[in-house]
Structure formats: structure tokens, C-alpha cells
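Protein chains in written order, with the working numbering: chain A, 1 to 113; chain B, 1001 to 1112.
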Amino acid sequence: SQQGEEDPQALSIQEGENATMNCSYKTSINNLQWYRQNSGRGLVHLILIRSNEREKHSGRLRVTLDTSKKSSSLLITASRAADTASYFCATDGLDTGFQKLVFGTGTRLLVSP
Amino acid sequence: DAGVTQSPTHLIKTRGQQVTLRCSPKSGHDTVSWYQQALGQGPQFIFQYYEEEERQRGNFPDRFSGHQFPNYSSELNVNALLLGDSALYLCASSLGPSFWQFFGPGTRLTVL
């Protein structure tokens, strides 16, 4: 079963605008990661945030994590048409010795020129 | 340096048949995980192989089985295919129990 829930399910914006996606999860985690998927193909790792971190940046990406609310957000600034993709959060839990990623349902982002 | 590769790219089977999907991990990686992604959903963890043994398993029936070879490549086998097995099957590799999993392009399985 899916642990994470992403919000919104779909997002449509214009190039240059910022896109914000949210993820909620249910159990305690070690890490939370964000992935991008283009047209139902393989997943591309974007960024990882550890449970003891609150914010992380990578280029145009900003991720926040609130473990008290069991939620995370991904902000893409100055979006481009090439950012059009589905975005998934994925968590790995404290109870698993080996990494077992639990993915959310994803946000479909459409960036129009 | 080749990334994770999967074969075949697409596959069409009929109900009741058996299928084998293959995965070659990224160079230097020794752990392979398999995920099933139904249309419009996020990937779901099937199982993980490390040192040629199944180390963890998700909520999938015994019809789903796997194998890891000494060269770290892996196979996913699905028996008695059901229509609901139609999905994108993703393989991911990592260097042991690390944080970073690299995903392959996936195999699209259609069951008719």
C-alpha cells in the first residue's frame, strides 16, 4: 500500500512560475526523497533530506521536512517546460534495516511555455 | 559507466502465462530492488536482493519471485499472470543498504 500522499494530484503552471508540491506520510522515517518521472519511464533522483534536517536546496529545488506533521514540500523555482513530469516523494522507515522505499501517489506537473 | 539496464523494454503476455524480466545494476552496485508501478500510481516495492538472497519483501504474492546472480544482475519472475499484473516494472540498484537507489528505465508489461 502507498504510504505517501501527494498534493495536488495535478498542477498546471506557466514557465517562470514556481511550483509547490506537498507530501504527507504515515510512519517515522529515516529519510525522505523526491523523484521525477518523465512519461512513465524510469525515476530520476532529485534530492534527499534526512529526518534531522528541516530544509535542503539543490539548484532550483528547495525541499522542506516537518517530521512533527509528517509532511514535506518540494518547491521548483522559475519552472521550465522541461520540468513537466510526475514528481514522487519516497520514504524509508526506521523499522527496516535495508532501504525499502515507500512512494507516494505523485503530482503531475505541466509547465506551459 | 552504464547505468541500470532492464530488458525487455516492452512485453505482451496473456493471462496464465509466466514472464521473466531482467535487470543489470549500475557498475559497482551489489543490491537490486524491484518495484511495480501501475498506471497513474506510485511505484510499490516488490522485493530486494543482496548477496544473492531476498532480503526484504513487499506485499506481493508468491507468484512474484526473483533471483540474483553472482554478477549482481537480477531476474523478476511472475507466474500465472493476471490482468492486474499489467504495469511498469522498475529495477533499482544501490551499493548495499545505502540511501541512493538508481532506477532503470523499466519494463512495460501488458497482460491481455
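Note that beta-carbon positions come from the ideal geometry of N, C-alpha and C, so glycine has one too.
Host beta strand (DSSP E) of residue i (start-end)
i	result
H1029 of chain B	That residue, H1029 of chain B, is in no beta strand (DSSP E); it is neither H nor E in DSSP.
N93 of chain A	Reading off the sequence, residue 93 of chain A comes out as Gly, not Asn. Start and end: A85 to G93.
N31 of chain A	I29 to Q37
T1107 of chain B	T1107 to V1111
S24 of chain A	A19 to S24
G104 of chain A	From DSSP, G104 of chain A is part of no beta strand (DSSP E); its letter is neither H nor E.
V63 of chain A	L61 to D66
S1073 of chain B	Note, S1073 of chain B: premise wrong, no beta strand (DSSP E); not H, not E.
D1062 of chain B	That residue, D1062 of chain B, is in no beta strand (DSSP E); it is neither H nor E in DSSP.
L74 of chain A	S71 to I76
D7 of chain A	E5 to D7
R50 of chain A	L43 to R50
F1045 of chain B	Q1044 to Y1050
E1054 of chain B	E1053 to R1057
L11 of chain A	A10 to Q14
Cutoff 7 Å; reference residue i; Cβ partners in own chain excluding five residues on either side
i	result
A1087 of chain B	Q1036, Q1037, A1038 and L1109
H1067 of chain B	S1074 and E1075
P8 of chain A	T107
H45 of chain A	Q33 and Y35
I1012 of chain B	T1110 and L1112
W1100 of chain B	S1094
Cut-off 8 Å between Cβ atoms - residues of its own chain near residue i, not counting five sequence neighbours on either side
i	result
S1 of chain A	Legend: pLDDT at S1 of chain A = 47, less than 50; position of this residue unreliable, value from coordinates given subsequently. Around S1 of chain A: no qualifying Cβ.
P1070 of chain B	E1052
D66 of chain A	R54 and S72
A81 of chain A	E15, V111, S112 and P113
Among the options, the one whose alpha carbon lies nearest that of residue i
i	options	result
T77 of chain A	A:S68, A:H57 and A:T91	A:H57
V1107 of chain B	A:S71, A:D83 and A:L43	With the sequence shown as reference, residue 1107 of chain B is identified as Thr, and Val is not the correct amino acid for it. For the residues A:S71, A:D83 and A:L43, the minimum Cα distance to T1107 of chain B belongs to A:L43.
Q1006 of chain B	B:V1111, B:G1096 and B:C1091	B:C1091
G1003 of chain B	B:V1111, B:F1102 and B:H1010	B:F1102
S72 of chain A	A:Q33, A:G59, A:R80 and A:L101	A:Q33
S51 of chain A	A:D7, A:V63 and A:M21	A:V63
Q1017 of chain B	B:P1061, B:S1094, B:N1059 and B:L1083	B:L1083
L1095 of chain B	B:Y1049, B:F1045 and B:Q1041	B:Y1049
T20 of chain A	A:N31, A:G59, A:S79 and A:S39	A:S79
T27 of chain A	A:L109, A:G93 and A:K100	A:G93
N100 of chain A	B:G1040, B:G1058 and B:V1019	One detail in the question is off: residue 100 of chain A reads as Lys in this sequence, not Asn. When only C-alpha atoms are compared, the closest one is B:G1058.
S1033 of chain B	B:P1105, B:D1085 and B:Q1056	B:Q1056
Exposure label - residue i; buried when at least 16 CB within 10 Å
i	result
I29 of chain A	buried
K69 of chain A	exposed
Q14 of chain A	exposed
G1028 of chain B	exposed
R36 of chain A	buried
S112 of chain A	exposed
A1080 of chain B	exposed
S12 of chain A	exposed
P1025 of chain B	buried
F1008 of chain B	In the sequence on display, residue 1008 of chain B carries Pro and not Phe. Label assigned to P1008 of chain B: exposed.
Spatial neighbours of residue i in its chain, beta-carbon cut-off 6 Å, leaving aside the 5 residues before and after
i	result
L1021 of chain B	L1076, Y1089 and T1107
R25 of chain A	Note that residue 25 of chain A corresponds to Tyr in the displayed sequence, not to Arg. If we look at Y25 of chain A and ignore the five residues flanking it on each side, its Cβ neighbours are Q3, G4, K70 and T91.
F88 of chain A	Y35, F103, G104 and G106
H1010 of chain B	R1108
W1014 of chain B	Note that residue 1014 of chain B is Thr in the sequence shown here, rather than Trp. If we look at T1014 of chain B and ignore the five residues flanking it on each side, its Cβ neighbours are L1112.
T1031 of chain B	Y1050, S1094 and G1096
A10 of chain A	R108
Please give the ranges of any beta strand (DSSP E) in the segment 1003-1028 of chain B, keeping only runs that are unbroken, at least 3 residues long and fully inside the region.
1005-1007, 1010-1013 and 1019-1024
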